[in-house]
Amino acid sequence: MNKKELEKIKEKALKEHIPIIMDDTLEVIEKYMKEVKPKRILEIGTAVGYSAMCFSEFLDIDGKIDTIERDEERATEAKENFKKVEVEEKINLYVGDAVEILPTLNEKYDMVFIDAAKGKYPFFLKEALRMINNNGVIFADNILYKGYVLSDYNKHKQRTAVRNLREYLKEVSENPNLETEILEVGDGLAVSKVK
Ligand code: SAH
Ligand code: MG
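To get the working numbering, take the position in the sequence shown, counting from 1, and add 1069.
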């Protein structure tokens, strides 16, 4: 893996205000990956591929990442980035809306990273639960959404997003097959381990 290129891509993404994974969030996930060595990862929301490229370093041997991005420009850039960083063999990109693509997948994953449209988190969870292996983990980024989710914040154009993030938290907390922790890293990270 070409770490120098990866660093350049990170800087460019930050400059362009692309919401890439924050350093402390990444640290939590990488620590988990070092312990567990997942073989199959599903990521929902690629952007320019930064998080997927970071994860690819900690995959098990022959491991692979599937990642989904609906913005064609970003997807094209992600593909170029995978080549620059020399990880294109480890990452498979689906271009399209995850709401349409997820139901067509019939794979089993050891780890799912949800990081796309916040209003769709409950749907993404349903699809993640259908495909996650026993002892797998589902991470959901931006789950506290600038603190709105756990406050009494209610009126704003982001209301639907907040409502759906709350719904996500309710579902993972009430699911007897999951053990969930909410971490205050980055914009909030939900970590749900499958029992
Ligand atoms: N995981 C990336 C950041 C993703 S930002 C990283 O940390 O580097 C969120 C991305 O999700 C955006 O690029 C957006 O275009 C994409 N997205 C939002 N809703 C989506 C959907 N329904 N299907 C596929 N991609 C979606
Ligand atoms: Mg995010």
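Ideal Cβ positions, reconstructed from N, Cα and C, are used throughout, including at glycine.
Taking all protein chains shown into account, do 16 or more other C-beta atoms lie within 10 angstroms of the C-beta of Arg-1143, making it buried, or fewer, making it exposed? buried
Drop a sphere of 10 angstroms on the beta-carbon of Ile-1130, count the other beta-carbons inside from all chains shown, and report buried for 16 or more, exposed for fewer. Residue environment: Ile-1130 is assigned as exposed (fewer than 16 neighbouring CB atoms within 10 Å of its CB, all protein chains considered).
Below 8 Å, is the gap between the Cβ of Asn-1233 and the nearest heavy atom of the ligand MG? no
Between which two residues does the beta strand (DSSP E) harbouring Ser-1261 extend? 1258-1263
Could you check whether Leu-1194 and Val-1218 sit closer than 9 Å to each other, using their CB atoms as the reference points? no
Enumerate in chain order the residues of its own chain whose CB-to-CB distance from Val-1206 is below 6 Å, with the five nearest sequence positions on each side excluded. Met-1180 and Lys-1262
Per DSSP, what are the beta-bridge partners of Tyr-1163 in this structure? Ile-1137
Using a 10 Å radius around the Cβ and a threshold of 16 neighbouring Cβ atoms, would you call Glu-1120 buried or exposed? Rather than Glu, the amino acid found at residue 1120 in this sequence is Ser. So Ser-1120 counts as buried.
Neighbourhood of Glu-1155 by C-beta distance below 7 Å, restricted to the same chain and skipping five residues each side: Met-1070 and Asn-1071
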